[in-house]
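**Student:** No gaps in the numbering here: position 131 of the sequence shown is 131 in our numbering, and each next residue is one more. In this text, a Cβ means the ideal position worked out from N, Cα and C, and glycines have one as well. Let me give you the structure first, and then I'll get to my questions.
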Amino acid sequence: MKVTVVGAGNVGATCADVLIHRQIADEIVLLDIKEGVAEGKSLDMLQTATLLGFGTKITPSTNDYTKTANSDIVVITSGVPRKPGMTREELIGINAGIVKTVTENVIKHSPKAIIVMIANPMDTMTYLALKSSGLPKHQIIGMGGILDSARFKTYLSMALDSPQYDIEGVVIGGHGDTTMIPLTRFATYKGVPVAQFLNADQSKQVAADTMVGGATLTKLLGTSAWYAPGAAAALLVESIARDQKRQFPCCVFLEGEYGQKDICLGVPVIVGKNGWEKIIDYKLNAEEQEAFNKSADAVRSMNDVLATL
Ligand code: APR
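Shown next as structure tokens:
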């Protein structure tokens with residue numbers, strides 16, 4: 001199993017670090033455009049091998065895509081992160097150029113790879129990668145919903161004063177502060193709907209905190225977060241690499257599912273060796289479907305910006 005991570009910055013390096021600790025790949029290629037970054041981070045990680053006990057080969061690359069050849073999975077994190085006060089959407093102009101070039105280079109050397117998109121605005125970057133590459137839809141997956149769901153579960157656990165592993169929660173829709181949809185109706189504490197333990201105001205607060213989860217961290221850190229995004233990307237890679245068929249909310253191309261088409265948006269999918277394999281229908285109620293449609297409208301208008309670049 002060969003995994004390439006493009007962009008050896010905060011998110012890319014964290015993702016690679018989690019992948020090597022969990023021994024998910026035989027080889028990880030860490031590629032960055034900036035001279036020395038991939039080499040330095042790879043060497044540093046390699047020197048944790050005897051400390052943490054792993055045997056993964058780590059290959060650094062400064063923009064040399066021949067080293068990525070025949071990758072099974074490619075994670076694209078290359079792009080500019082958010083600064084405080086910025087929305088994910090404001091990154092579109094810069095990141096679209098980077099993502100298009102990177103995707104073309106990646107598929108030249110690894111046409112069968114499953115591509116995991118992290119760069120923001122993620123829903124639009126996933127759509128761009130799909131349209132510009134011409135790859136089969138199952139090969140392109142945007143990672144946003146796993147991260148947003150993790151944040152949802154963190155805020156639920158704080159409100160419930162309970163450990164996170166006893167909590168289930170899913171966020172669908174776009175990966176934007178106003179486009180994501182925490183599905184409170186489906187959230188459970190040990191299988192029991194959280195509505196039995198939280199009042200309406202508490203639930204609303206959890207959903208609101210989840211939606212600005214990324215912006216909260218950007219304000220605190222001065223740049224966007226990396227531990228949870230990196231770990232979320234690694235979890236997605238693991239389900240593909242080990243053909244686990246786990247169910248995650250991921251950004252995938254819709255052709256009528258959830259009432260939308262010609263758009264990449266977050267819905268629950270099964271993830272295995274073929275990429276995203278199946279969409280799971282949660283049977284949204286009217287209010288949830290309306291929120292999903294609004295989310296799709298917002299993402300679609302962002303996708304329209306691509307044509308003007
Ligand atoms: N090819 C390869 N690497 C590139 C390219 C490119 N064309 N352009 C930029 N990079 C690299 C940068 O040199 C940098 O090392 O991508 C890396 C990005 O790392 P950071 O600046 O630390 O950003 P990070 O926090 O990792 O976020 C990356 O993920 O969560 C999203 O919004 C975030 O879009 C951003 C992306």
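#1: If you draw a straight line from the C-alpha of residue 283 to the C-alpha of residue 210, how long is it?
#2: May I ask whether a heavy atom of the ligand APR can be found less than 7 Å away from the beta carbon of residue 107?
#3: Out of 27, 32, 92 and 157, which one is the CA nearest neighbour of residue 169?
#4: Looking at the ligand APR, does it come within less than 7 Å of residue 223, judged from the CB to the closest heavy atom?
#5: Which whole runs of the beta strand (DSSP E) in the region 267-309 are 3 residues long or more, in chain order?
#6: Between residue 225 and residue 217, is the Cβ-Cβ spacing less than 8 Å?
#7: Using a Cβ-Cβ cut-off of 8 Å (strictly less than) and excluding sequence neighbours within five positions of residue 122, which residues of its own chain qualify?
#8: Only counting the same chain, and skipping five residues up and downstream in sequence, which positions put a Cβ closer than 6 Å to that of residue 267?
#9: Let's test the definition: count the other Cβ atoms within 10 Å of the Cβ of residue 227 and tell me whether it reaches 16, buried, or not, exposed.
#10: Per DSSP, what kind of secondary structure is residue 177 in: helix, strand or coil?
#11: How would you write the range of the alpha helix (DSSP H) that residue 156 sits in, first residue to last?
#12: Measuring straight from C-alpha to C-alpha, what distance separates residue 183 and residue 256?
#13: Should residue 161 be labelled buried (16 or more other beta-carbon atoms within 10 Å of its own) or exposed?
#14: Which residues does DSSP list as the beta-bridge partners of residue 61?
#15: With a threshold of 16 other CB atoms inside 10 Å of the CB of residue 17, please say whether the residue is buried or exposed.
#16: Is residue 91 near the ligand APR - that is, is its Cβ less than 7 Å away from at least one heavy atom of it?
#17: Could you check whether the region 42-54 touches the region 75-91, counting it as contact only if at least three pairs of C-beta atoms, one from each stretch, sit closer than 8 Å?
#18: According to DSSP, is residue 73 part of a helix, a strand, or is it coil?
#19: When you measure from the CB of residue 31 to every non-hydrogen atom of the ligand APR, does any distance come out below 7 Å?
#20: Rounded C-beta distance between residue 29 and residue 71? I'm assuming under 8 Å.
#21: What residue from 55, 294 and 272 has the CA that sits closest to residue 115's CA?
#22: Is the beta carbon of residue 2 less than 8 Å from the beta carbon of residue 26?
#23: Using the Cβ count rule (16 or more neighbours within 10 Å means buried), how would you classify residue 288?
#24: Please tell me whether residue 58 and residue 80 are closer than 8 Å, where the distance is taken between their beta carbons.
#25: Please confirm if residue 288 has its CB atom under 8 Å from at least one CB of chain B.
#26: Using a Cβ-Cβ cutoff of less than 6 Å, which residues in the same chain neighbour residue 37 once the five nearest sequence positions on both sides are dropped?
#27: Helix, strand or coil for residue 201, going by three-state DSSP, please let me know.
#28: Check this for me: beta carbons of residue 233 and residue 263, under 8 Å apart or not?
#29: In angstroms with no decimal places, state the Cα-to-Cα distance between residue 337 and residue 97.
#30: Which same chain residues, not among the five before or five after residue 102, have their C-beta less than 7 Å away from its C-beta?
#31: Give me whichever residues DSSP pairs with residue 246 in a beta bridge.
#32: Please list, in chain order, all residues of the same chain as residue 84 whose beta carbon is under 7 Å from its beta carbon, the five residues on each side excluded.
**Tutor:** A quick look at the data gives this:
#1: On the sequence shown, position 283 is the one that residue 283 refers to. On the sequence shown, position 210 is the one that residue 210 refers to. When only Cα atoms are considered, residue 283 and residue 210 end up about 22 Å apart.
#2: Position 107 of the sequence shown, counted from the start, is the residue given in the question as residue 107. Flag unset: Cβ of residue 107 not near the ligand APR.
#3: Here residue 169 corresponds to residue number 169 of the sequence shown, with the count starting at 1. Nearest C-alpha to residue 169: 157.
#4: The count along the sequence shown starts at 1 and reaches residue 223 at position 223. Yes.
#5: Runs of the beta strand (DSSP E) inside the region 267-309: 275-279.
#6: Working through the sequence shown from its first residue, we reach residue 225 at position 225. Working through the sequence shown from its first residue, we reach residue 217 at position 217. A contact, by the Cβ cut-off of 8 Å.
#7: Position 122 of the sequence shown, counted from the first residue, corresponds to residue 122. For residue 122, where only same-chain residues beyond five positions count, the Cβ hits under 8 Å are 88, 142, 143, 144, 175 and 251.
#8: As a first step, residue 267 is located in the sequence shown; it is residue number 267 there, counting from the start. Only residues of its own chain outside the window of five on either side were considered, and among them 172, 258 and 279 have a CB closer than 6 Å to the CB of residue 267, listed in chain order.
#9: As a working note, residue 227 is residue 227 in the sequence shown. Exposed is the call here.
#10: Position 177 of the sequence shown, counted from the first residue, corresponds to residue 177. Correct three-state label for residue 177: coil.
#11: Position 156 of the sequence shown, counted from the start, is the residue given in the question as residue 156. Where residue 156 is concerned, the enclosing alpha helix (DSSP H) stretches over 145-160.
#12: As a first step, residue 183 is located in the sequence shown; it is residue number 183 there, counting from the start. As a first step, residue 256 is located in the sequence shown; it is residue number 256 there, counting from the start. The alpha-carbon atoms of residue 183 and residue 256 are separated by roughly 20 Å.
#13: Your numbering for residue 161 matches position 161 in the sequence shown. The residue in question, residue 161, is exposed, as its Cβ has fewer than 16 Cβ neighbours within 10 Å.
#14: Taking the sequence shown and counting its residues from 1, one reaches residue 61 at position 61. Partner(s): 31.
#15: Your numbering for residue 17 matches position 17 in the sequence shown. Buried: at least 16 other Cβ atoms inside 10 Å.
#16: Walking along the sequence shown from the start, residue 91 turns up at place 91. For the ligand APR, at least one heavy atom lies less than 7 Å from the Cβ of residue 91.
#17: Too few Cβ pairs lie closer than 8 Å, so no.
#18: Position 73 of the sequence shown, counted from the start, is the residue given in the question as residue 73. Strand at residue 73.
#19: In the sequence shown, the residue the question calls residue 31 occupies position 31. Inclusion of residue 31 in the 7 Å shell around the ligand APR follows from its C-beta lying nearer than that to a non-hydrogen atom of the ligand.
#20: Reading the sequence shown from its first residue, position 29 is the one you call residue 29. Reading the sequence shown from its first residue, position 71 is the one you call residue 71. Contact flag correct, Cβ pair sits at about 7 Å.
#21: Counting from 1 along the sequence shown, the entry for residue 115 is found at position 115. It is 272.
#22: Your numbering for residue 2 matches position 2 in the sequence shown. Your numbering for residue 26 matches position 26 in the sequence shown. It is a contact, given that the beta carbons lie within the stated cut-off.
#23: On the sequence shown, position 288 is the one that residue 288 refers to. Around the beta carbon of residue 288, 16 or more other beta carbons sit within 10 angstroms, so the residue counts as buried.
#24: Locating residue 58 in the sequence shown gives position 58, where the first residue counts as 1. Locating residue 80 in the sequence shown gives position 80, where the first residue counts as 1. Contact flag unset, no.
#25: Going by chain labels, chain B is absent from the structure shown, which holds only one protein chain.
#26: Residue numbering aside, residue 37 sits at position 37 when the sequence shown is read from its first letter. Excluding its 5 nearest sequence neighbours in each direction, residue 37 has C-beta neighbours in its own chain below 6 Å: 8, listed in chain order.
#27: Along the sequence shown, read from residue 1 onward, the residue named residue 201 stands at position 201. If DSSP states are grouped into helix, strand and coil, residue 201 belongs with the helices.
#28: By 1-based counting over the sequence shown, the position of residue 233 is 233. By 1-based counting over the sequence shown, the position of residue 263 is 263. The answer is no: Cβ separation not under 8 Å.
#29: A question about residue 337 goes unanswered here, because the residues of the chain that appear run from 1 up to 309.
#30: As a position in the sequence shown, residue 102 is number 102, starting the count at 1. Answer for residue 102: 6, 76 and 78, listed in chain order.
#31: In the sequence shown, residue 246 corresponds to position 246, counting from 1. Bridge partners of residue 246: 271.
#32: Locating residue 84 in the sequence shown gives position 84, where the first residue counts as 1. Closer than 7 Å at the Cβ level, and outside the excluded window around residue 84, lie 218, 219 and 222.
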